[in-house]
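Only one structure is covered here, and it is reproduced in the block below.
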Amino acid sequence: MIKFLVYVAIILTIVAIGYLARVFELASKLKGTKPHEVSDKDNKFMSKVILTWLIVFFTFVIWNLKKFVPLMLPEAASEHGVEMDWLYNFNWAIIFFVFTITQALLFFFAYKYYGRKGNVATYFPHNNKIEMIWTVIPAIVLSVIIILGLKQWNKITAPASDDAIVIQLYAKQFDWTARYAGKDNQLGESNYKLITDVNALGMDSADSKGFDDIIVKNEIHIPLNKEISFKLNSRDVIHSAYFPHFRSQMNCVPGMTTVIHFKPIITTAQMREKPEVKRQMAGINARRAERGDKPAEFDYILLCNKICGNSHYNMQMTVVVDTEEDYKKWLASKKPFFDKSIEVASK
Amino acid sequence: MSMNNHDQHAQAHNLHEEHHDHEESFVSKYIFSMDHKTISRQFLITAVIMAFLAMMMSVLFRLQLAWPGEKFAIINFILGDKWGKDGILDPGMYMALVTIHGTIMVFMVLTGGLSGTFSNLLIPYQIGARDMASGFLNMLSYWFFFLSSVIMMAGFFVETGPASGGWTVYPPLSALPQAMDGSKLGMTLWLVSMSLFIISSLLGGLNYIVTVLNLRTKGMSMTRLPLTIWAFFITAILGVLSFPVLFSAALLLIFDRSFGTSFYLSDIYIGGQALEQTGGSPILYLHLFWFLGHPEVYIIILPALGLTSEIISVNARKPIFGYRAMIGSIIAIGFLSFIVWAHHMYITGMNPFLGSVFVFTTLLIAIPSAVKAFNYITTLWKGNIRFTPAMLFAIGLVSTFISGGLTGIILADSTLDIHVHDTYFVVAHFHIVMGVSAILGMLAGVYHWFPKLFLRHMNKKLGYIHFWGTFISAYGVFFPMHFLGLAGVPRRYYNNTAFPMFDNLVDINVLITIFAILGALSQVVFLFNFFYSMFRGPKSEQNPWGSNTLEWTTPMANTHGNWPGALPTVYRWPYDYSKPGKEKDFVPQTVPLVDGETDGGGH
C-alpha cells in the first residue's frame, strides 16, 4: 500500500510540474514573448532576488557563527595546540576578510549591472596594472601564511625530547590498546607473527626491554606538563589516532611505526571546571536526557579518524590527564604484561 | 574507359551521400554513433541518470546522520530487508553508499559526464571542425564509460554489497576481504569498473588533444580559442598524464587482492591469522592514488570554469576580463596540480619535511585561482547582464569556487591540517569547491548549450526555480558542515551518538539533511525540465544568446559534418562583446577585422 502511494505521489508530482511548465509557456505565448528570452522585467526581478540573496547569505553566515561557534572544541589542552589555535584565528581573519569582500562584490555587481535594452556594456578587456596588483597581493599574503604555518609545523614534527614518556598506541579493528614503556622508558620488541589471543600485541618474551611494559585498554592516563611521545602501530588496516582536544593526529599504518608527541597542559579535572565546558556538557546532557541516556561527564578522547570498517564510528578510547602524582599512583596500580601472563600461566 | 571509371566513382559517391543523409540506421545514428554531437548527448544523459542515483544515495545516508536509529520507510523501500531492516540503514550499507556516491560523482558525473559531454560537443563546434579526430575512438570512449557505469552500479546486486572502503579505497582495508564485506566481490567490481573508466578517459582525452591541436579551422590560432577549449585542452592533458598512474595503482591492488603479492601489504594480522605478506606499504598506494587524485580535482573544475568563462562573458555582454591571464592561469593550475598531491598525506606517516615542500606548492596554486576569481568579478563590473538560468549558475559557481577555495587555505597548511584532516571540514571544503562548483558549471553548460544539444530551449522559469533551490541548499548543506569538522567530527562515521562528545551537534546534522532534501527536490524540477524540453521545449533560433563563437554559425539541425558548406574562417578572438564602434553588441569570430581594428582585446 505504501509503495503504491509512493508511486502515485511521484507520478502526480511529475504531472504537476508538467502542467506548471505548460502554463508558463502558454502565458508567454499569450503575451507574445519567446519563453526562453530574458526580458528587462526578468533581469530587474532577478537582480532584486540577487540583492536579497546577498543579505540572506550574510545573515545565514552570521547566524551560523553565532549559533555554532559556542559548540566548538574548548581551548586547546596541549602546549602546541594553543599556538595552533592562534594560527587558526590568524588564517580565519584573512579568510573572512577576503570572503566578505569578494562575495559582496560578486553579487553586488550582478545586482547593479542587470541588463536593460539599449544599455551597452563597457568594453574592458584587460588592464595589466590591476592584474599585477591582484597577483602580487595574494602572493605576499600567502607567503606570510606559508612561513607562519611551516614554522609551527617544524616545531610540532621535530623529534620528541629524550625524557618524553613513551607510550605505544596499537590500533586494530575496532579498538585501541596502549602499551607504556615502563621504568626503562623503552618498548620491548614485538612481532605480528607472535600475536595470540593473550598476547594481542605480539610482544617478544625474549626481549628484556619489554619486561616492564604495561598494557592498558579502554582508558589511558597521561601526566600534566610532561611531554608524551606516542609510537603508533596498526595490526590490520590503516587507522588514525586523533586527539581533537590536543589538536594532534597521525595515521597508524600497518608495517611501520609513526610518531607524534604533545605536552598536555590542562588536567581532565581542571577542564571539567571550565565554564565553557560546563555549558557544553549541559547541552550534551540535555540531548542525552531526551534520548533516555545517562548524563555524561567531560572526557578527553582518542578517536579513530581513518575509515577502517563497519564499526569505525565507535573506535575510541578515553584519555585522562592527571597531575603527576595521580598519574604515578595510577601507573603503580598496573602490572607489567609479562608478570600478569606468568601469573595467569601459573594458575 | 576513364570516363566510365569516373562515372562509377560519382555514382558510388552519390550512394554514399544518400546513405549518410537518409538511410542511417537507428543503431548507427543513436547507439553506436561516431558523431560528436550524439556521443555528447549519450554522455550527458548517462551522467544525469548516474548523478540522480548518486544524489539519492546521499539523501539516504543523510537521513541516517540526522536521525540515527529512526525508522524510515523509504530506506526499507529502496534497500530492502537486507540493508534497510525496519527502515534502519545497515552500517555496512552506509559505508557502501558513501563510497559509491563519491565514486560516481567524482568519476562518472564530473569527469566522464562533464568532459565527455562538453568536450565532445564544443571542441569540434568551437574550433570549426567537422568532427573529432577519431570518431571511432570517441564512440569506444562512450561505450567503455557506459560499461564502467553499469559495473559500478552492479555492486548493489551482489550478495556482499558494493565496495565500501571510501571512494579512495585505501588498502589494506580494500585489499583484504576479511576486513569488511565491501572488500569482497563489490571491491573487485569497483576495480574492474574503474579500469574501464580509465580506458574511456584515455581514449577521450587523446582525441580531445589531437583534435584541438590539428583540426582548428583557418584563422583559429591558439590565442583565438574560446576559454572553454583551453580548459578542455589542459584538462585532457592532465587526464592523459595522470589516469595511467591510477591504473597502475588499481593493477597493483588487484595483484595484492588476488595473486598474493605484497605491494601495499605488510605485517598484517587479521581474522585470527598472520598474513604472509611483508615489505609492502600502503603509503605507496596513497602516492599513486593522489598522483591522479589531485590533478583529478582540476580535471573536474577546469571544464566547469571554462564553461563559466564563456557563459559569463556572453551574458554580461562584455569580453572576459584578462583573456591571456585566464589562459595563463589555466596552464599554471594544470602544471601545479601535478606537484601538490601529497597535501592529502601530511599526517599519513610521510616524512614531515616532504610535507613542507607540498605546503609551498599547494598554496602557490591559490594565486592563479585567485586571479581567475577576480577576473570573473571584473567581467561583471559595468556589464549589461542578462540573467538566463545559465548565467545564474555561472555566477553561483564563482561564489562557491571562492568560498571553497578559501577554506582550502586551512587544509593546505600542514599545521592546521593536523586538526581537521579527515573530518567534516574536509568534506565541506571539497564539496563546495569542486562538487558544487563543478555541478553548477555543468548545469550552466546544460542550460546554455541545450539549443545545440537538442535544438530546443529549456523552460526559463523552471530553470530559475532550479537554480535558487540548488544554490540555497548547497550553502545550506555545506556551510554548517564546516563547524562539524572544526568540532572534531570525523567523516565516514555511521553515527555520531555512540559516545557523548558530539551529542550537542545533532542540530547541525538535522539542518544539513533538511537542506539536502530540499536540494534533491530541486533536482527533480531539473530532471523534468530536461526530459520535457528535449521533446517539447520551444524550438531555438540559430544564435539565441547573441554569441561570437563558431557553434552558433551552424544550422539548427543535427547536420553530419556540422557546416553544410565550407568550414568557416576565423578573423578575431571570441570575446568582442559591446566593442565600441560596432553596430551590434557582439561580433562573431567569422566577421573580418575592418581597417585599423586590432584583435584580441586591443582598442
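So the protein sequences, as listed, match chains Y and E.
With the first letter of the first sequence counted as 1, position 250 gets the number 692 in the working numbering; the numbers rise by one all the way through.
With the first letter of the second sequence counted as 1, position 549 gets the number 1537 in the working numbering; the numbers rise by one all the way through.
We put the CB at the ideal spot given by N, CA and C, even for glycine.
| Asked | Found |
| --- | --- |
| Beta strand (DSSP E) runs wholly inside the segment 1417-1499 of chain E, at least 3 long, in chain order | none |
| C-alpha distance - leucine 1184 of chain E paired with arginine 730 of chain Y, whole-angstrom precision | 49 Å |
| Extent of the continuous beta strand (DSSP E) to which tryptophan 1382 of chain E belongs | Just to set this straight, residue 1382 of chain E is alanine in the shown sequence, not tryptophan. Unbroken run through alanine 1382 of chain E is the alpha helix (DSSP H), 1377-1400; no beta strand (DSSP E). |
| Segment contact, 8 Å Cβ cut-off, at least three pairs: the segment 1564-1580 of chain E with the segment 1144-1155 of chain E | no |
| Per-residue contacts from aspartate 1587 of chain E into chain Y (C-beta, under 7 Å) | Under the 7 Å cutoff, chain Y gives no residues; its nearest Cβ is about 11 Å from aspartate 1587 of chain E. |
| Proximity of proline 1291 of chain E and phenylalanine 1220 of chain E at Cβ, strictly below 8 Å | yes |
| Proximity of valine 1180 of chain E and alanine 1121 of chain E at Cβ, strictly below 8 Å | no |
| Local Cβ density within 10 Å of lysine 1572 of chain E, reported as buried at 16 or more and exposed below that | exposed |
| Where tyrosine 1565 of chain E meets chain Y, residues with beta-carbon distance less than 9 Å | Ala563, Tyr565 |
| Alanine 1475 of chain E, buried or exposed, once every other Cβ within 10 Å from all chains shown has been counted against 16 | buried |
| Counted within 10 angstroms of its Cβ, other Cβ atoms place glutamine 1261 of chain E as buried (16 or more) or exposed | exposed |
| For cysteine 746 of chain Y, the residue or residues it bridges with in DSSP | Y/Ala683 |
| Alpha-carbon to alpha-carbon, threonine 638 of chain Y and isoleucine 680 of chain Y | 21 Å |
| Inter-residue spacing [alpha-carbon to alpha-carbon] between leucine 1293 of chain E and threonine 1034 of chain E | 22 Å |
| C-beta atoms of histidine 1445 of chain E and proline 1377 of chain E nearer than 8 Å | no |
| Residue burial classification, tryptophan 1561 of chain E (beta-carbon count within 10 angstroms, cutoff 16) | buried |
| Enclosing alpha helix (DSSP H) for valine 1359 of chain E [first to last residue] | 1354-1368 |
| Spatial neighbours of histidine 1001 of chain E in its chain, beta-carbon cut-off 7 Å, leaving aside the 5 residues before and after | In this prediction, histidine 1001 of chain E scores a pLDDT of 45, lower than 50, which makes its location untrustworthy; the coordinate-derived value is nonetheless stated afterwards. Once the five neighbours on either side are set aside, histidine 1001 of chain E has no close Cβ partner at all. |
| Members of the segment 1374-1395 of chain E near chain Y, C-beta cut-off 8 Å | Arg1374, Phe1375, Thr1376, Leu1380, Ile1383, Val1386, Ser1387, Ile1390, Ser1391, Leu1394, Thr1395 |
| The segment 474-505 of chain Y: positions lying closer than 9 Å to chain E by Cβ | Lys476, Pro477, His478, Glu479, Val480, Asp484, Asn485, Phe487, Met488, Ser489, Val491, Ile492, Trp495, Val498, Phe499, Phe502, Val503 |
| Buried/exposed call for valine 498 of chain Y, threshold 16 Cβ in 10 Å | exposed |
| 8 Å Cβ cutoff, valine 679 of chain Y in contact with chain E | yes |
| Cβ-based contacts, 9 Å cut-off: residues of the segment 603-627 of chain Y near chain E | Lys614, Gln615 |
| Other residues of its chain near leucine 1203 of chain E: CB distance less than 7 Å, five sequence neighbours each side excluded | Ile1115, Ala1117, Ala1121 |
| contact_flag[the segment 1246-1254 of chain E, the segment 1266-1281 of chain E] where n(CB pairs < 8 Å) is 3 or more | yes |
| Chain-order list of residues whose beta-carbon lies under 6 Å from that of proline 1653 of chain E (same chain, five-residue window excluded) | This structure cannot speak to residue 1653 of chain E, because chain E is shown only from 989 to 1591. |
| Glycine 947 of chain E at chain Y interface by Cβ criterion, 8 Å | For chain E, the structure presents residues 989 to 1591; residue 947 of chain E sits outside this window and is missing. |
| C-alpha gap between isoleucine 598 of chain Y and histidine 522 of chain Y, whole angstroms | 7 Å |
| Closer than 8 Å to chain E by CB, threonine 455 of chain Y | yes |
| For aspartate 1009 of chain E, three-class secondary structure by DSSP | Reliability of the predicted coordinates at aspartate 1009 of chain E is poor, the pLDDT of 49 falling under 50, and the value obtained from them is presented with this limitation in mind. Here aspartate 1009 of chain E sits in helix by DSSP. |
| Where leucine 1203 of chain E sits in the DSSP three-state scheme | coil |
| Residue environment, asparagine 667 of chain Y, which counts as buried when at least 16 other CB atoms sit within 10 Å | exposed |
| Selection of the segment 1299-1321 of chain E by Cβ proximity to chain Y, strictly under 9 Å | Asn1303, Ala1304, Arg1305, Lys1306, Pro1307, Ile1308, Phe1309, Gly1310, Tyr1311, Arg1312, Ala1313 |
| Serine 1566 of chain E, DSSP secondary structure in three states | coil |
| Proximal residues of chain Y, C-beta to C-beta of tryptophan 1055 of chain E below 8 Å | None at all; the shortest Cβ gap to chain Y is about 11 Å. |
| Neighbour flag for tyrosine 461 of chain Y against chain E, beta carbons, 8 Å | no |
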